[in-house]
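Below is one structure; the comments refer to it alone.
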Amino acid sequence: MIKFLDLYKINNRFRDALETSFRNSLENAHFILGPNVTHFENEYANYCGTKFCITTGNGLDALTLILKGYVALGKLNKGDKVVVPANTFIATILSVLHAELVPVLAEPDPDTYTISVHTDKAVFVEAKAVIMVHLYGQLADINSFQKLARDFNLLLIEDAAQAHGAISNLNNRKAGNLSHAAAFSFYPTKNLGALGDGGAVTTSDSELFEVVKLLRNYGSQEKYTNKTIGYNSRLDDMQAAFLSLKLKSLDLDNQRRQDIAKRYLDGITNSKLKLPFYDGSKNHVFYAFVVEVENRSDFTAYLNKNKVEWLIHYPIPPHHQEALKEFSHFKLPITEKIHKRVISLPMSPVMSDLEIQTVIDVLNTY
Ligand SMILES: Cc1ncc(COP(=O)(O)O)c(C=O)c1O
217 MIKFLDLYKI NNRFRDALET SFRNSLENAH FILGPNVTHF ENEYANYCGT
267 KFCITTGNGL DALTLILKGY VALGKLNKGD KVVVPANTFI ATILSVLHAE
317 LVPVLAEPDP DTYTISVHTD KAVFVEAKAV IMVHLYGQLA DINSFQKLAR
367 DFNLLLIEDA AQAHGAISNL NNRKAGNLSH AAAFSFYPTK NLGALGDGGA
417 VTTSDSELFE VVKLLRNYGS QEKYTNKTIG YNSRLDDMQA AFLSLKLKSL
467 DLDNQRRQDI AKRYLDGITN SKLKLPFYDG SKNHVFYAFV VEVENRSDFT
517 AYLNKNKVEW LIHYPIPPHH QEALKEFSHF KLPITEKIHK RVISLPMSPV
567 MSDLEIQTVI DVLNTY
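In my numbering, the protein residues as written are 217 to 582.
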């Protein structure tokens, strides 16, 4: 069986260092907001090129705290509209709802799967913010959205949960440093994954930094002194240490993912499959390698028979989820078509050359 993502193998590369790190945490006993959190936050801000990084309990909270932070600063107000791509993972939309704002679902570009700049301009005139999702690891159309944000005075936010280390062709800046504020997830399957839940906000806005730092920790800077109505959403100190270890390999891992993508793109010649758009640069870190196929159930049965694992990112569009039934009447044909057709193939930095070739051969004989 060719695994979709072999998490054991991914983390086993760091086994000795992870075990040492765990033992250190046990000795130091700084489990919450200890030195490893501060160290990782400095390191990750530095890596992304932003002034600040504030870690959180997970990626959903990172997004929600950015929005709540802007509400606390008076830059957003209850009921303000926030444009999000309709084909995103539901967390992006939930964060808007949790912050008592109104999500406006915009169609994606059918080739890059990221939010389309061809959305009706009236949508942006009425909105106060846009969340660009770097879906599947590919940066959204930064150039257009930065201009749009300037023209319409919008807050520009990145959902970079799937794009750690992606670099813009435009200015060589990394995901997390292409907007006013960005959210990351360190869910174990992500390109930079913890051994549990984790997330982070990156920004160079000192006001937002201060308010998110308060919000993630009970509204408190000083123990038992609460300045605002906060939350408890902190990255474990132990997870921060694990992430510092794994961060050292992120660029090489992304490079390997890009190499695998290139081999897939060169090797897969089956015209029944629509291959993903890739310009060959570092602006796509291939969290997922997503192809489209007409008859997906037939294709998945074939992959099962040939022992190639697969996943669907995502089988049901957010506006058709029961949780979001208030949006169910929306007509989003591009999004709906994508959700019917997409399928993600094995992609991870620990795949062997033989496994890559086997996937290519299996796909070409479909
Ligand atoms: C695009 C996107 N946004 C947000 C999230 C939320 O991250 P988390 O699962 O860490 O809350 C995820 C992760 O699954 C994601 O893929």
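Backbone N, C-alpha and C define an ideal beta-carbon position, used for all residues, glycine too. Being a predicted model, the structure only gives us computed values, none of them experimental.
* Asked: Are the stretch 486-502 and the stretch 289-297 touching by the rule of at least three beta carbon pairs closer than 8 Å?
  -> Result no; under three Cβ-Cβ pairs closer than 8 Å.
* Chain-order list of residues whose beta-carbon lies under 6 Å from that of ALA456 (same chain, five-residue window excluded) -> ASN252, VAL253, PHE256
* By how many angstroms is the C-alpha of GLU243 removed from the C-alpha of GLN378? -> 33 Å
* **Any non-hydrogen atom of ligand 1 closer than 6 Å to PHE305 Cβ** => Yes, the beta carbon of PHE305 sits closer than 6 Å to at least one heavy atom of ligand 1.
* To do: Alpha carbon to alpha carbon, how far is TYR434 from ASP327? Give it in angstroms, no decimals.
  => 42 Å
* Integer Cβ distance of ALA315 from ALA399, believed to fall under 8 Å -> Not really, about 12 Å apart at Cβ, beyond 8 Å.
* Asked: What does a CB cutoff of less than 6 Å around MET454 pick up in its chain, not counting 5 residues either side in sequence?
  -> SER241
* To do: Entirely within the stretch 390-442 and at least 3 residues each: give me those beta strand (DSSP E) ranges in chain order.
  => 397-401, 415-419, 436-438
* Helix, strand or coil at SER360 [DSSP, three-state] -> helix
* Asked: What's the gap between the Cα of ALA569 and the Cα of VAL575?
  -> Residue 569 is actually Asp in this sequence, not Ala. Spanning the two alpha carbons is a distance of roughly 10 Å.
* Would you check if the distance between the CB atom of LEU548 and the CB atom of GLU342 is smaller than 7 Å? => Their beta carbons are not under 7 Å apart, which means LEU548 does not touch GLU342 by this criterion.
* Taking PRO251 as part of the alpha helix (DSSP H), name the residues at either end of that continuous run. => 251-264
* Test item: CB-CB of HIS555 and PHE546 under 7 Å -> no
* Considering only residues of the same chain and omitting the five flanking positions on each side of PHE505, which have a CB-CB separation below 7 Å? -> Only ALA477, TYR480, PRO492, SER560, LEU561, MET563 meet the Cβ criterion.
* Whole-angstrom distance between LYS521 and ARG585, CA atom to CA atom -> Residue 585 lies beyond the stretch modelled for the chain, which goes from 217 to 582, so this question has no answer here.
* Whose C-alpha, out of HIS350, ILE550, PHE361, ILE532, is nearest the C-alpha of LYS337? -> PHE361
* Asked: Quick one: is the Cβ of SER401 within less than 6 Å of any heavy atom of ligand 1?
  -> yes
* Which listed residue (ALA356, LYS267, GLU508, ALA539) has its alpha carbon closest to that of GLU423 -> LYS267
* Asked: What number of angstroms, rounded off, separates the C-alpha of THR419 from the C-alpha of ALA261?
  -> 8 Å
* Indicate the three-state DSSP secondary structure (helix, strand or coil) for LYS553 in the structure shown. => When secondary structure is reduced to three states using DSSP, LYS553 falls in the helix class.
* Between the Cα of ARG366 and those of LEU430, HIS396, ILE445, GLU426, spot the shortest distance and give me the residue it belongs to. => HIS396
* Asked: When every heavy atom of ligand 1 is checked, does at least one fall within less than 6 Å of the C-beta of GLY415?
  -> Yes, since a heavy atom of ligand 1 falls inside the 6 Å radius drawn around the Cβ of GLY415.
* **Same chain, Cβ closer than 6 Å to GLY250, five either side skipped, listed in chain order** => Short of 6 Å from the beta carbon of GLY250, and not among the five residues preceding or following it, lie these beta carbons of its own chain, in chain order: ASP453.
* Asked: In the structure shown, what three-state DSSP assignment does ILE528 receive?
  -> coil
* To do: Please report how far the alpha carbon of SER513 lies from the alpha carbon of VAL507, in whole angstroms.
  => 14 Å
* Asked: For LYS498, does the three-state DSSP call read helix, strand or coil?
  -> Note: LYS498 maps to coil in three-state DSSP.
* Quick one: Cα of TYR352 to Cα of LEU221, how far? -> 14 Å
* What span of residues does the alpha helix (DSSP H) with MET567 cover, start to end? -> No alpha helix (DSSP H) holds MET567; DSSP gives it neither H nor E.
* Straight-line CA distance for ASP325 to THR551? -> Note on geometry: alpha-carbon atoms of ASP325 and THR551 lie some 9 Å from one another.
* Out of GLU538, ASN228, THR308, HIS380, point me to the one whose CA is closest to VAL346's CA. => THR308
* Given that a residue counts as buried once 16 or more other Cβ atoms are within 10 Å of its Cβ, and exposed if not, what is LEU468? -> exposed
* To do: Tell me the start and end of each unbroken alpha helix (DSSP H) in the stretch 254-318 that is at least 4 residues and wholly inside, in chain order.
  => Runs of the alpha helix (DSSP H) lying entirely within the stretch 254-318, each at least 4 residues long, are 275-288, 306-314 in chain order.
* Please report the residue range of the alpha helix (DSSP H) in which MET217 lies. => Under the DSSP assignment, MET217 falls outside any alpha helix (DSSP H); it carries neither an H nor an E label.
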